[in-house]
Structure formats: C-alpha cells, structure tokens
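Read the structure below first, then the notes.
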Amino acid sequence: MSRILLKATLGFVMRVLFRPKVEGIEGIPGSGPVILAGNHVTFIDSLFLSLIVEQRTKRQVYFIAKDEYVKGKGVKGRLMAWFFTTAGMIPVDRDGGHGGVAALMTGRRVLEQGKVFGIYPEGTRSPDGRLYRGRTGIARLTLMTGAPVVPFALIGTDKVQPGGKGMPRIAPVTCRFGEPLDFGRYDGMDRDRYVLRAVTDEVMSDVMRLSGQEYVDVYATKAKAA
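Right under this line is the structure:
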C-alpha cells in the first residue's frame, strides 16, 4: 500500500510539473524478465525511469542501490530507507571486495523472478554529461538469464537536478526506449570476454544513438579519478 501511495503521489507530480516526453516504450515486453539499460547523468534518473515505466506498462522496475542509502539512523534515516526500498531500490554493499558479484547475483535473482531490472552499464553517473564505456555486467546478466535488453536514454534529467544534488528544477525531460535486443546467439558463452565486450558495446551503441551523447571509450570511474 505504501508503494502504491508513493508512486501515485510522485507520478502525479511528475506528470503535472515535468510532463516527460516518452518514446518507444512499447518495446518493453508486457511480461517476463527484461533488462532496461541506459545512460546515467544524475541521481534522479532512477526515479524518473521507474515512474514512467510503471505508469505506462504497470510493471515495477528494480535497481541496485548502495546500502548506505538505507543504513541511516534516526527519523531521517528510516524515511530514506522506506523511500528507496518502496521505490524499487535493492540495497547492496557495492564497496566491498565482492560488491560487483553481489550486484550481479541480485540482478540475476530479480530477472529469474520474471521482473524488470534497471541497470546503468557505465557503472556510475557520467562526470561531464558524455557517455562512457559500459561495464560487462550487463552482458553477463542477459547471457545468464536469457532476458532481452531494452536500451533507453534519459534526456534532460541533468537540467532537473544539476550535479545530482539539491532540489529538482522544472525542465523538459525525454525518456526514449529502443527496440529489444536478443543475444540468444551467444547462448552458453557468458564467460567469453570477447563476447561479453561485444554484447556490452552493442548495448552502449544503441544507448548513444538514443541519447545523442558524445561517446568516450574509457570507464567513467577512471575519468572521475583523473
């Protein structure tokens, strides 16, 4: 009930204030496991994507989130934990030595339950608005589960929340979805690093086409460190 009330309230606010333009959402299957893979430019991306998909398809999107979002203390901490888990965030310790494996296994479990799993192949928010090289976790997920990948692009959310901080501003937002990608031709090859890279690059190519972003063939984490 709390999830329904939260999504209804936030969905109303989004429709009235932001009026997002949605394109190609019919590419998301009405049932069964599906991976939504797209660009990540600001903190609020997941909320926009989740609200848009649930309003248009009646399907909830699940994401991996840092467990620090649900570990806060006091009233504020409990409210944040309630908000993130209700919105479909699954807390995972991504900073530990096995953070990547934990995130991968969590995504696999969501997909094996026939649900929608959202992922940002770049692995982190873009430091400058450009699109960075994808991590191969997206390829492992689709090859392990057989779930199709629907690429997407969020455009304008960086104007709604510049820098990923502060109160959202009113700005036009577009959410654009591509055609589902089926990688069944690589069945049983989820340990082949060349196949994993080829699958990941194909997904990122579609994301680049949908978003219109400039592509940078390095990892975003390395760009941030530099």
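Quick note: the sequence shown uses our numbering, first residue 1339, plus one each step.
Glycine is no exception: its CB is placed at the ideal position from the N, C-alpha and C atoms.
Bear in mind the structure is a predicted one, so any value in this text is a computation, not a measurement.
Rounded to a whole number of angstroms, what is the C-alpha to C-alpha distance between Phe-1515 and Ala-1491? If you take the alpha carbons of Phe-1515 and Ala-1491, they lie about 7 Å apart.
Endpoints, alpha helix (DSSP H) assigned at Leu-1355: From DSSP, Leu-1355 is part of no alpha helix (DSSP H); its letter is neither H nor E.
Residues in its own chain within less than 6 Å of Ser-1384 by CB, not counting five upstream and five downstream? Phe-1401
Should Ser-1369 go down as buried or exposed, given a rule of 16 or more other Cβ atoms within 10 Å for buried? exposed
Option in Ala-1346, Met-1482, Leu-1374 and Leu-1469 with minimal Cα separation from Asp-1530: Met-1482
Thinking C-beta only, is Val-1541 closer than 9 Å to Val-1487? Between Val-1487 and Val-1541, the gap from beta carbon to beta carbon is short of 9 Å.
Would a C-beta distance cut-off of 9 Å place Val-1511 and Phe-1422 closer than the cut-off? no
Roughly how many angstroms separate the alpha carbons of Arg-1547 and Ala-1563, rounded to a whole number? Note on geometry: alpha-carbon atoms of Arg-1547 and Ala-1563 lie some 27 Å from one another.
Span of the alpha helix (DSSP H) holding Lys-1497? 1495-1498
Taking Met-1427 as the reference, give the member of Val-1554, Gly-1412, Phe-1455 and Pro-1489 with the closest Cα. Phe-1455
Which residues bound the beta strand (DSSP E) around Gly-1456? Taken as a continuous stretch (DSSP letters only), the beta strand (DSSP E) holding Gly-1456 covers 1454-1457.
Tell me which same chain residues have a C-beta within less than 6 Å of the C-beta of Thr-1395, skipping the five on either side of it? Ile-1366
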